[in-house]
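Numbering (UniProt numbering), first residue to last: 1 to 435.
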């Protein structure tokens, strides 16, 4: 039977959630969410929107934000109707294409933060032909990304302004538009051409870029792409469920005592540096390939150099260290199909001693419908991202247990640490080595 009041029920959910968020913002002296760029506001408060995974927002306001987003999405779908919804979904790749143009021609940084610029001037300084520039931006205006502040002129919104001031976030979007999006467009071809393989050289990415190199090998041969990818991953680590702070808070690191933690594939060491800052009893060795290690700079946290060291190590080769207290793998295993993930784990075993631990930061997917819709969608996006780029995937707790058993039966999954019932990306897996 059709629910005759469903639209009213969704509208009530939206109204109640908006009231909760507004009350919270007023209590915390936070401004209301706005499309106006920060540079045009006078409050001096720079927080915009509601954090979905931050310490400063209480759980009531976070839950209200999640409920509002889901109800608004459902309401839009129902009012649009199935046909219009599917048509809109089918055209949504043009939004990504438009963002790709913005990033390729660095349009966000060329639009003044406190004023506007004409289409013709923006075209001249960016090199993007004016006719195409106008058409691309007018699509984004509809999405509240940039605005036509006066006829023929482009100004920022709070969204486009972020692209101008947060270069790491922009780098992540650039990786999505310039590597992941072309890869996703060839997923069907990869399924047809390689229906039974999980080789990282036979993903949609490989067909899109006509290469047999796995993504990371390909990136290492293209310094500009590699730099953008590294900056983008650093940007993801600034906030939310995939942040450095989540790693610091998400596991009882102090329970390890005075331990040596080997950060496998740790790149520039930003996570190890954050952990070293928070837990003075821990010391760290960051391992990665030479290309990643050679570009490391300590910058402002140089006082940690005595407890954070770097060394070259290929994780697909047997670990050279012995008697290691803790191995840490952050967002490593989800980049690799099962056979490769097993090899990574197996290569650590000779370095383990009884009660050594392997700590894994990766998404742990719960059963369907155990997550709120917003979180569920995000996890499914991540899973698709791994498929099109690497032929890899996000995994359930049972999947991780099977990987460990295949690598060595002495590796036991002790606990999955979760920050909250609605999280999947914010999970840390604790593994112990039992003789």
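Glycine included, C-beta positions come from ideal geometry on N, C-alpha and C.
On the DSSP bridge assignment, give the partners of residue 395 in chain order. Looking at the DSSP assignment, residue 395 forms a beta bridge with 364.
Who are the Cβ neighbours of residue 94 in its own chain at under 7 Å, not counting the five residues just before and after it? In its chain, beyond the 5 residues on either side, 139 have a beta carbon closer than 7 Å to the beta carbon of residue 94.
Please specify which runs of the beta strand (DSSP E), each continuous and at least 3 residues long, are wholly inside the region 265-316, giving them in chain order. List check, beta strand (DSSP E) in window: 283-288, 308-312.
Among 165, 216, 164, which one has its Cα closest to the Cα of residue 180? Comparing Cα positions, the closest option is 216.
Taking C-alpha atoms, which residue in 286, 352, 377, 186 lies nearest to residue 432? Considering only 286, 352, 377, 186, the residue with the shortest C-alpha distance to residue 432 is 352.
Would a C-beta distance cut-off of 7 Å place residue 389 and residue 205 closer than the cut-off? Contact annotation: residue 389 and residue 205 have beta-carbon atoms nearer than 7 Å.
Close-in-space but distant-in-sequence residues of the same chain around residue 99 (CB under 7 Å, 5 per side omitted): Its chain contains 173, 177 as the residues whose beta carbon lies nearer than 7 Å to that of residue 99, once the 5 sequence neighbours on both sides are disregarded; these appear in chain order.
4 or more residues per run - each alpha helix (DSSP H) lying fully within the region 203-249: DSSP runs (the alpha helix (DSSP H)) wholly in the region 203-249: 204-208, 215-220, 223-236, 244-249.
For residue 70, count the other beta carbons within 10 Å of its own beta carbon; 16 or more makes it buried, fewer makes it exposed. Which is it? The residue in question, residue 70, is buried, as its Cβ has 16 or more Cβ neighbours within 10 Å.
Could you say if the region 152-172 and the region 106-124 meet the contact criterion of at least three C-beta pairs nearer than 8 Å? Put simply, the region 152-172 touches the region 106-124. At least three CB pairs are less than 8 Å apart.
Is residue 394 closer than 7 Å to residue 383 when the C-beta atoms are compared? Yes. Within cutoff.
Looking only at its own chain, which residues have a Cβ that is under 7 Å from the Cβ of residue 162, when we skip the five neighbours before and after it? Excluding sequence positions up to five before and after residue 162, its CB lies within less than 7 Å of the CB of 169, all in the same chain and listed in chain order.
As assigned by DSSP and simplified to three states, the class of residue 354: Residue 354 falls in the strand class under three-state DSSP.
Between residue 35 and residue 185, what straight-line distance do the alpha-carbon atoms span, to the nearest angstrom? Rounded to the nearest angstrom, the two C-alpha atoms are 31 Å apart.
Local conformation of residue 346 per DSSP, three classes: In the three-state reduction of the DSSP assignment, residue 346 falls in the helix class.
At what residues does the beta strand (DSSP E) containing residue 427 begin and finish? If you look at residue 427, you'll find it in the beta strand (DSSP E) that goes 427-433.
Quick one: what's residue 261 bridged to in DSSP? Residue 261 is bridged to 284, 326.
Distance check for residue 14 and residue 3, CA to CA, integer angstroms please. One C-alpha to the other measures close to 18 Å.
What residues in its chain sit with their C-beta under 8 Å from that of residue 157, if we drop five residues either side in the sequence? So the list reads 35, 36, 37, 144, 145, 146, 147, once near-sequence residues are dropped.
Evaluate residue 20 with the Cβ neighbour count: other Cβ atoms within 10 Å of its Cβ, from every protein chain shown; 16 or more gives buried, anything less gives exposed. With 16 or more other Cβ atoms within 10 Å, it is buried.
Output yes or no for whether 7 Å exceeds the beta carbon distance between residue 207 and residue 190. Yes, Cβ-Cβ distance for residue 207 and residue 190 is below 7 Å.
Boundaries of the beta strand (DSSP E) in which residue 413 is found, first to last residue: Run containing residue 413: 411-418, per the beta strand (DSSP E) assignment.
Residue 235 versus residue 362: straight-line alpha-carbon distance, rounded: So the two alpha carbons sit approximately 17 Å from each other.
Exposure of residue 59, with buried meaning 16 or more beta-carbon neighbours within 10 Å: Of the residues assessed, residue 59 falls on the exposed side of the cut-off, its CB having fewer than 16 other CB atoms within 10 angstroms.
Checking the sheet assignment: what are the DSSP bridge partners for residue 150? According to DSSP, residue 150 bridges with 153.
Bounding residues of the beta strand (DSSP E) (the contiguous stretch that carries residue 92): Counting along the chain, residue 92 falls outside any beta strand (DSSP E), and DSSP gives it neither H nor E.
On a Cα-Cα basis, can you pick out the residue from 83, 400, 30, 367 that is closest to residue 345? Measuring from the Cα of residue 345, the nearest candidate turns out to be 400.
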